[in-house]
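Protein sequence lines correspond, in order, to chains G and Y.
Reading the first sequence from the start, the letters are residues 0 to 194 in numbering that gives the first Met the number 0.
Reading the second sequence from the start, the letters are residues 0 to 194 in numbering that gives the first Met the number 0.
Glycine included, every Cβ here is placed at the ideal spot set by N, Cα and C.
First comes the structure, then the notes that go with it.
There are 2 protein chains.
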Amino acid sequence: MTRISGADRRQQIIEAAHAVILEKGLAQAATRDVTRRLGVGSGLLHHYFKSWQTLRAEAVRHSVESEIAQLQQTLDRTPPPQWIELLVDWMTADGDLHHWSLWLNAVDEARRDTELAEVVRAAYIQWQQVVIRIIDRLVEDGIGHRPGTPAAAGRLCALVDGLAGAVFLGEQVMTPQTAKSILRDQIKLDLGLSS
Amino acid sequence: MTRISGADRRQQIIEAAHAVILEKGLAQAATRDVTRRLGVGSGLLHHYFKSWQTLRAEAVRHSVESEIAQLQQTLDRTPPPQWIELLVDWMTADGDLHHWSLWLNAVDEARRDTELAEVVRAAYIQWQQVVIRIIDRLVEDGIGHRPGTPAAAGRLCALVDGLAGAVFLGEQVMTPQTAKSILRDQIKLDLGLSS
DNA sequence: TGTTCAATTGAGCACTTGCTCAACAACTTC
DNA sequence: GAAGTTGTTGAGCAAGTGCTCAATTGAACA
């Protein structure tokens with residue numbers, strides 16, 4: 000039996016925790032779900048992490064970071080004129096809704112978990128900055144004008160979170176298509192592009 | 000010891016559950032918190048409610064209904080020209096943030112609780128309709144023009160939820176003042192009133 | 001007064017949770 | 001080889017959970 004070195008095991012546990020949290024939600028996921036998934040003893044987690052709370056927070060950080068990295072990567076190989084549509088597609092998450100579910104869950108749970116709150120706060124700020132950078136670049140390239148208010152990025156991020164919550168409540172409340180068009184309109188409005 | 004008749008007891012339990020949920024959050028609140036608060040035996044809840052899940056959902060319904068009723072009442076004794084500012088104040092909840100916290104919590108929890116989902120969905124739709132009615136009345140009174148898109152109410156509600164989530168994450172993410180001015184701008188924009 | 005029955009109790013059950021810790025296994029170093 | 005370090009185990013604990021149910025209370029009615 001080849002043993003796994005410390006740092007690798009740590010990462011492995013974080014990824015397993017991430018998977019479990021994605022499936023069951025932050026409050027419903029248990030340490031034993033993670034150890035069972037990894038096929039390891041139930042005590043192992045506490046050799047690598049102070050507490051389940053800490054591991055949970057670490058798993059959410061992992062999720063957010065890899066997602067932002069992925070967006071950044073997609074942006075890099077797409078010409079700016081297509082960024083608006085790309086952003087809309089990204090934010091409305093045609094592919095997998097689970098990540099959005101986890102994000103909303105984390106924002107909510109953060110009110111009762113200071114450790115998680117730290118991670119979510121940092122992620123939110125990072126996320127706003129990505130949006131700001133995108134807007135700046137679009138304006139530089141002559142696509143639209145600079146939004147009137149500096150709070151444009153914050154407004155967009157809040158709108159996306161709110162829309163996601165509504166979409167999860169079902170079609171009667173809001174369809175994905177409606178959410179998508181609301182978001183597209185808002186971006187174009189912010190950039191001074193009348194739709 | 001005067002005994003309490005069935006229907007009154009039911010209402011009393013719902014209100015106690017509401018208070019507990021407001022304090023501890025939906026996932027953290029326990030049946031025993033409710034019985035302890037009422038000073039009754041731990042088995043009493045199950046005489047009036049099929050399960051804790053049911054009681055929780057009922058408590059959220061109670062919360063939402065009384066809040067919408069209260070808003071309606073405030074609107075009734077305020078002249079329409081002041082409605083915009085009243086709505087902004089209401090949505091950003093200067094008074095007590097707990098109700099918003101519970102609402103966001105319920106929207107999140109609804110993904111894992113079908114009974115709660117039913118209540119939250121109905122509440123969301125009701126909430127959108129209140130906003131639609133307000134807009135209609137404002138337009139009738141000559142205050143602003145009818146919003147271009149019929150999704151205006153949905154967009155407003157989503158924006159409010161998103162802003163609330165951001166504000167709860169702390170001042171670094173979004174200050175209440177910023178949220179308030181974003182919301183005010185959006186309402187005026189929807190009504191065609193350039194700020 | 002005795003009868004009836006809904007309201008109420010709380011010990012207790014079965015289950016889950018995060019976490020501990022003595023024991024052991026597998027590498028590294030000497 | 002021996003010694004030391006690190007990784008790993010899993011039974012077990014204390015604290016919690018929703019829920020059940022036989023037993024009791026109290027009010028209304030005869």
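Do residue j and residue i come within 8 Å of each other at the CB atom, strictly closer than that value?
i                      : j                         : result
glycine 164 of chain Y : aspartate 95 of chain G   : no
alanine 56 of chain Y  : glutamate 114 of chain Y  : yes
alanine 58 of chain G  : threonine 177 of chain Y  : no
leucine 212 of chain G : isoleucine 133 of chain G : With chain G represented from 0 up to 194, any question about residue 212 of chain G goes unanswered, as that position is not in the structure.
What is the rounded straight-line gap between the Cα of residue i and the Cα of residue j?
i                         : j                         : result
proline 80 of chain Y     : isoleucine 142 of chain Y : 7 Å
leucine 190 of chain Y    : valine 172 of chain Y     : 28 Å
valine 166 of chain Y     : histidine 144 of chain G  : 28 Å
isoleucine 181 of chain G : aspartate 107 of chain Y  : 21 Å
alanine 29 of chain Y     : threonine 34 of chain G   : 27 Å
arginine 36 of chain Y    : glutamine 71 of chain Y   : 31 Å
alanine 152 of chain G    : arginine 120 of chain G   : 15 Å
glutamate 66 of chain G   : histidine 98 of chain G   : 9 Å
isoleucine 124 of chain Y : serine 50 of chain Y      : 26 Å
glutamate 84 of chain Y   : leucine 155 of chain Y    : 14 Å
arginine 8 of chain G     : aspartate 135 of chain G  : 40 Å
leucine 158 of chain G    : serine 100 of chain G     : 15 Å
glutamine 128 of chain G  : arginine 31 of chain G    : 37 Å
According to DSSP, is residue i part of a helix, a strand, or is it coil?
i                       : result
methionine 0 of chain Y : Residue confidence is low: methionine 0 of chain Y scores 44 on pLDDT, short of 50, so the model does not pin down where it sits. No coordinate-derived value is stated.
serine 100 of chain G   : helix
serine 65 of chain Y    : helix
lysine 187 of chain Y   : helix
lysine 49 of chain Y    : coil
valine 172 of chain G   : coil
glutamate 22 of chain G : helix
glutamine 27 of chain Y : coil
glycine 141 of chain Y  : coil
arginine 76 of chain Y  : coil
leucine 192 of chain Y  : coil
leucine 43 of chain Y   : coil
Q: Could you tell me whether the region 0-17 of chain Y touches the region 178-188 of chain Y, using the rule of 3 or more Cβ pairs below 8 Å?
A: The answer is no - the region 178-188 of chain Y does not touch the region 0-17 of chain Y, with fewer than three Cβ pairs under 8 Å.
Q: For the region 57-76 of chain Y and the region 15-22 of chain Y, state whether three or more C-beta atom pairs, one from each stretch, are separated by less than 8 Å.
A: At 8 Å Cβ cutoff, the stretches touch.
(Q) Would you call the region 41-56 of chain Y in contact with the region 23-40 of chain G, where contact means no fewer than 3 C-beta pairs closer than 8 Å? (A) Counting Cβ pairs under 8 Å, fewer than three are found: no touch.
Q: Check each residue of the region 150-170 of chain G: if its Cβ is closer than 8 Å to any Cβ of chain Y, include it; give the result in chain order.
A: Those residues of the region 150-170 of chain G placed with their C-beta closer than 8 Å to a C-beta in chain Y are Ala150, Gly153, Arg154, Cys156, Ala157, Leu158, Val159, Asp160, Gly161, Leu162, Gly164, Ala165, Phe167, Leu168, Gly169, ordered along the chain.
Q: With 7 Å as the limit, tell me which residues of the region 88-109 of chain Y have their beta carbon closer than that to any beta carbon of chain G; keep them in chain order.
A: Residues Ser100, Leu103, Asn104, Val106, Asp107, Ala109.
Q. When you check each C-beta in the region 31-58 of chain Y against every C-beta of chain G, which residues fall closer than 9 Å?
A. Residues passing the 9 Å Cβ filter: none.
Q | Interface residues of the region 10-24 of chain Y facing chain G [CB-CB below 7 Å] | A | Within the region 10-24 of chain Y, the qualifying residues are Gly24.
Q: With 7 Å as the limit, tell me which residues of the region 117-144 of chain Y have their beta carbon closer than that to any beta carbon of chain G; keep them in chain order.
A: Those residues of the region 117-144 of chain Y that come within reach of chain G (Cβ to Cβ, closer than 7 Å) are Val119, Arg120, Tyr123, Ile124.
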